[in-house]
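Taking it in order: structure first as structure tokens, then the write-up.
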Amino acid sequence: MVSAKVVVGSKVGLHARPARLLVEAAGKQPVRVLIGRDGGKPVPADSILAVMSLGVGGGEEVVVSADGEGAERALEAITALLAEDLDA
Numbered sequence: 000m001v002s003a004k005v006v007v008g009s010k011v012g013l014h015a016r017p018a019r020l021l022v023e024a025a026g027k028q029p030v031r032v033l034i035g036r037d038g039g040k041p042v043p044a045d046s047i048l049a050v051m052s053l054g055v056g057g058g059e060e061v062v063v064s065a066d067g068e069g070a071e072r073a074l075e076a077i078t079a080l081l082a083e084d085l086d087a
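Heads up, the final residue of the sequence shown is numbered 87 in numbering that gives the first Met the number 0, and it's a clean run with no missing numbers.
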């Protein structure tokens with residue numbers, strides 16, 4: 000399993016549009032991607048309800064993890080996306 004911490008770049012955090020874009024990107028990955036707060040219980044990144052239930056705000060740090068073949072590429076794609084301002 001690989002994991003990385005990333006600061007959410009969207010000012011509104013993981014709500015509405017940024018959450019939808021994350022869920023779509025996570026759903027396209029060949030491996031399961033999880034997201035959560037450091038020390039918290041991770042949730043599936045391809046579930047809009049799970050992602051929005053985290054209540055992550057802009058500028059907060061989250062932990063993204065993935066496991067299996069292609070996990071590193073998936074992790075890179077998801078962390079790069081989360082670092083962007085997805086509200087723009």
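Think of the CB as a built atom: it goes at the ideal place given N, C-alpha and C, for glycine as much as any other residue. Just so it is clear, the structure is predicted and the values come from calculations on it, not from any experiment.
Which residue comes first and which comes last in the beta strand (DSSP E) that contains Glu23? Translated into the one-based positions of the sequence shown, residue 23 becomes position 24. Unbroken run through Glu23 is the alpha helix (DSSP H), 15 to 26; no beta strand (DSSP E).
Alpha carbon of Gly58 to alpha carbon of Glu68, nearest angstrom: Here residue 58 refers to the residue found at position 59 when the sequence shown is read from its first residue. Here residue 68 refers to the residue found at position 69 when the sequence shown is read from its first residue. The straight-line gap from Cα to Cα measures roughly 30 angstroms.
Segment limits, beta strand (DSSP E) that includes Ala3: Start at 1 with the first residue of the sequence shown, and residue 3 comes out as number 4. Unbroken beta strand (DSSP E) run through Ala3: 1 to 6.
Opening and closing residue of the alpha helix (DSSP H) in which Glu126 lies: For the chain, the structure presents residues 0 to 87; residue 126 sits outside this window and is missing.
Considering only the beta carbon of each residue, do Pro41 and Leu48 sit closer than 8 angstroms? For this step, residue 41 is matched to residue 42 along the sequence shown. For this step, residue 48 is matched to residue 49 along the sequence shown. The answer is no: Cβ separation not under 8 angstroms.
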